[in-house]
Amino acid sequence: MSNIHHTEPTPTPAAPFGAIEGTHWIETLNDGSPVLVRPLRAEDRQRETEFIDRLSEQACRFRFLGNLKEASPALLDQLMNVDYHDRMAFVALAHDNGELRLVGVSRYGASGDDKQCECAVTVADDWRHRGLGVLLMRRLIEIARKNGFRRMFSIDATENEPMRELAGFLGFQRRIDPDDATQVIHSLDL
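In full-length UniProt numbering, the protein residues as written are 1 to 190.
Set out below in structure tokens:
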């Protein structure tokens with residue numbers, strides 16, 4: 001993580017986040033932009049809605065593997081459902097016109113096998129190419145290891161070049177999805 005600096009706060013004893021040290025981190029991206037990274041909280045629901053609404057059509061298709069016009073209440077319920085162990089999400093927040101705006105999110109959910117988790121990362125279109133995806137995924141990988149997962153994987157569209165590059169950079173292996181040749185599976189042994 002060559003140009004990404006990170007600081008650790010003093011851990012908060014009452015943090016409900018299990019194996020997570022501290023409650024938030026201020027990170028500096030490759031271009032010098034500061035972001036606040038922390039676990040997703042219930043009060044982030046509106047930010048999550050606005051984040052999805054701002055994504056380009058291509059970014060939505062890559063993230064949700066299909067066309068998404070808006071985030072339904074059921075989808076938001078699913079995205080907000082984190083327990084900080086089997087279902088985890090980190091958000092990156094940045095100041096935008098005096099408000100904290102969600103600019104990136106990484107998440108995993110335990111799959112049927114309790115030693116594996118499926119992951120996803122999404123970065124706002126105007127925040128790409130700054131190292132934010134790498135930063136969010138490294139946090140996610142770290143907590144997945146601490147929570148006892150042995151393998152992390154993502155299912156992505158074959159034409160999702162940004163995910164191909166990110167996954168390759170982080171050491172994920174890539175193979176065609178045996179059930180759907182339009183998708184690939186990126187996997188990382190933890």
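For each residue, glycine too, the CB sits at the ideal point set by N, CA and C.
From a predicted model like this one, the values you see are computed outputs, not experimental measurements.
How would you write the range of the alpha helix (DSSP H) that residue i sits in, first residue to last?
i	result
THR49	45 to 54
GLU159	Here GLU159 belongs to no alpha helix (DSSP H), and DSSP marks it neither H nor E.
VAL134	132 to 146
ALA74	73 to 80
GLU57	57 to 64
For residue i, which beta-bridge partners are listed by DSSP?
i	result
ALA94	ARG101
CYS119	TYR108
SER129	Correcting the residue identity first, residue 129 is His in this sequence and not Ser. Answer is none; HIS129 lacks a bridge partner.
PHE153	GLU118, SER187
LEU36	ILE26, LEU93
Could you work out which residue in the options is closest to residue i when comparing CA atoms only?
i	options	result
MET137	ARG41, ILE52, VAL91	VAL91
LEU68	ARG87, GLU57, GLY112	GLU57
ALA181	ALA157, GLY168, PHE169, GLN173	ALA157
ALA167	ARG87, ARG145, ILE141, GLY32	ILE141
ILE155	LEU29, ILE176, LEU36	ILE176
ARG150	SER111, ARG107, THR122	SER111
GLU118	TRP127, ARG128, ARG107	ARG107
LEU102	ARG174, ASP86, ARG45	ARG45
ASP86	ARG145, TRP127, GLU159	ARG145
ASN147	VAL184, TYR84, HIS95	TYR84
TRP127	GLN183, ASP77, PRO162, SER72	PRO162
VAL184	PRO34, LEU65, VAL35	LEU65
LEU36	GLY109, ASP113, GLU99	GLU99
Rounded to whole angstroms, what's the CA-CA distance from residue i to residue j? Just pull it up for me.
i	j	result
LEU190	ILE143	10 Å
GLU48	ARG41	10 Å
ASP179	HIS186	14 Å
MET152	GLY133	16 Å
VAL123	HIS129	9 Å
GLY104	VAL121	7 Å
ARG164	GLN173	10 Å
ASP96	GLU27	16 Å
PRO73	GLY109	19 Å
Between which residues of its own chain and residue i is the CB-CB distance below 8 Å, once the five residues before and five after are set aside?
i	result
CYS60	ILE52, ASN67, LEU68
ARG38	THR23, HIS24, TRP25, PHE90, VAL91, LEU93
LEU170	VAL134, MET137, ARG138, ILE141, LEU188
GLU50	ARG101, LEU102
LYS115	GLY148, PHE149, ARG150, ARG151
ASN81	ARG87
For the beta strand (DSSP E) containing residue i, list its first residue and its last residue.
i	result
THR28	25 to 28
ASP177	173 to 177
ARG41	Premise fails: ARG41 is in no beta strand (DSSP E) and is neither H nor E.
Within its chain, find whatever has a CB closer than 7 Å to the CB of residue i; leave out the 5 residues flanking it on each side and keep chain order.
i	result
ASP125	LEU55, SER56, ALA59
ASN160	PHE62
Any chance the CB of residue i is under 8 Å from a heavy atom of the ligand FMN?
i	result
TYR108	Ligands in the displayed structure: none, and consequently the ligand FMN is not present.
If I measure Cβ to Cβ from residue i and keep anything under 6 Å in the same chain, skipping five residues before and after, which residues do I get?
i	result
ASP31	ARG130
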